[in-house]
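In what follows, a single structure is set out as structure tokens and then discussed.
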Amino acid sequence: MILPLLETMMSKNPNLTLTGPDLAALLCSRVCHDVISPVGAINNGLELLDEGGADADAMDLIRTSALNASVRLKFARLAFGASGSVGASIDTGEAERAAKDFAAAEKKTEVVWSGPRAIIAKNRVKLLLNLFLVAYSSIPRGGVIEVTLENPELDAKFKIVAKGKLMRLPPKFVEISTGEIEEAIDAHSIQPYYTVLLADECGMALGHSATTEELTFTADVVAV
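For what it's worth, our numbering labels the leading residue of the sequence shown as 1, then goes sequentially.
This is how it looks when you write it as structure tokens:
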């Protein structure tokens, strides 16, 4: 799945230079990083039960952490995984549900989603969710993320607006999307790298802007 995508991308954008094995390894590392914390918390809750700790508190920790891990895995399956056969299409309603559940599990960010529901190319859905992650990372203390889809089946346009305290454009995303990569890609920067990779594969141009009130991230189909 990843190797054909990489070969296509490298022919279009010389800044996307990761080999197939490195891309796969870094994406796996990213997914493990996202899941290891809630899984570790489940283990802590079980240890509390074994030690005869407060049953109610331990069970609450286990339930919350299990939900968090499940939500993150379901999101990762759509955003990073195969999600069906090569060339498959995905319902944008699945992406909406995944994004809202992801934010709800953290209980600090509200997601407002608007636009027509449609069955579109898998990589466009993956791009949309990865752009959502970029926007989510731009408001570390939470806030509101507004996702807007326009004409998703044809000349698609995705617009994601993030509002919150201490917001700022993710520097790695800015570097990679503008072709000014200063350091080697690692597990911390692989997600924005993959976002740019998907945009190039989908024939969509990424954009970003910032004001004192909001950050805006866009993806538009490039006119041929």
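Virtual Cβ for every residue (Gly too), placed ideally from N, Cα, C.
Mind checking which residues open and close the beta strand (DSSP E) that includes residue i?
i: Ile139; result: Premise fails: Ile139 is in no beta strand (DSSP E) and is neither H nor E.
i: Ala69; result: Here Ala69 belongs to no beta strand (DSSP E); instead the alpha helix (DSSP H) covers 55 to 79.
i: Ser189; result: Here Ser189 belongs to no beta strand (DSSP E), and DSSP marks it neither H nor E.
i: Ile119; result: 119 to 121
i: Thr109; result: 109 to 114
Look up residue i in the DSSP assignment and say whether it is helix, strand or coil.
i: Thr228; result: The question about residue 228 has no answer here: the residues shown for the chain are numbered 1 through 224.
i: Glu7; result: Residue placement at Glu7 is poorly supported in this model, since its pLDDT is 38, which falls under 50; the coordinates are not used for a value here.
i: Ser89; result: strand
i: Val222; result: coil
i: Ala156; result: coil
i: Ile2; result: For Ile2, the predicted structure reports a pLDDT of 41, less than 50, and the residue's modelled location is therefore unreliable. A value from the coordinates is still provided. Of the three classes helix, strand and coil, the one that applies to Ile2 here is helix, per DSSP.
i: Gly45; result: helix
i: Gly207; result: strand
i: Leu215; result: strand
i: Lys165; result: coil
i: Glu146; result: strand
i: Gly52; result: coil
Using the Cα positions of residue i and residue j, report the straight-line distance between them to the nearest angstrom.
i: Asp200; j: Lys122; result: 14 Å
i: Leu166; j: Arg141; result: 7 Å
i: Ile2; j: Val161; result: For Ile2, the predicted model reports a pLDDT of 41, less than 50, meaning its position is unreliable and no value from the coordinates is stated.
i: Leu61; j: His33; result: 19 Å
i: Val306; j: Arg97; result: Any question about residue 306 goes unanswered here, given that the chain covers just 1 to 224.
i: Asn130; j: Gly52; result: 42 Å
i: Ala223; j: Leu127; result: 18 Å
i: Tyr194; j: Lys107; result: 26 Å
i: Met59; j: Leu48; result: 9 Å
i: Leu215; j: Tyr136; result: 11 Å
Considering only residues of the same chain and omitting the five flanking positions on each side of residue i, which have a CB-CB separation below 6 Å?
i: Ala210; result: Leu169
i: Val111; result: Ala99, Lys100, Ala103, Ile145
For the alpha helix (DSSP H) holding residue i, just list the boundary residues, first then last.
i: Glu175; result: 171 to 177
Spatial neighbours of residue i within its chain, please: C-beta separation below 7 Å, excluding the five flanking residues on both sides.
i: Ala118; result: Thr92, Pro152, Glu153
i: Pro116; result: Leu149, Pro152
i: Phe80; result: Leu27, Val31
Would you say the beta carbon of residue i comes nearer than 7 Å to a heavy atom of the ligand SAH?
i: Arg97; result: Annotation note on the ligand SAH: not contained in the displayed structure, which lists no ligands.
Looking only at its chain, what residues have a beta carbon closer than 8 Å to the beta carbon of residue i, apart from the 5 residues adjacent to it on each side?
i: Met10; result: Legend: pLDDT at Met10 = 37, less than 50; position of this residue unreliable, no value from coordinates given.
Answer yes if the segment 202 to 216 comes into contact with the segment 168 to 178, meaning at least three C-beta pairs across the two stretches below 8 Å, and no otherwise.
Segments in contact, yes.
Mind the definition here: the segment 57 to 76 touches the segment 98 to 109 only if three or more C-beta pairs lie below 8 Å; say whether that holds.
Contact between the segment 57 to 76 and the segment 98 to 109 is present, because at least three Cβ pairs lie under 8 Å.
Taking contact to mean 3 or more Cβ pairs, one atom from each stretch, closer than 8 Å, check whether the segment 15 to 33 and the segment 41 to 49 are in contact.
The answer is no - the segment 41 to 49 does not touch the segment 15 to 33, with fewer than three Cβ pairs under 8 Å.
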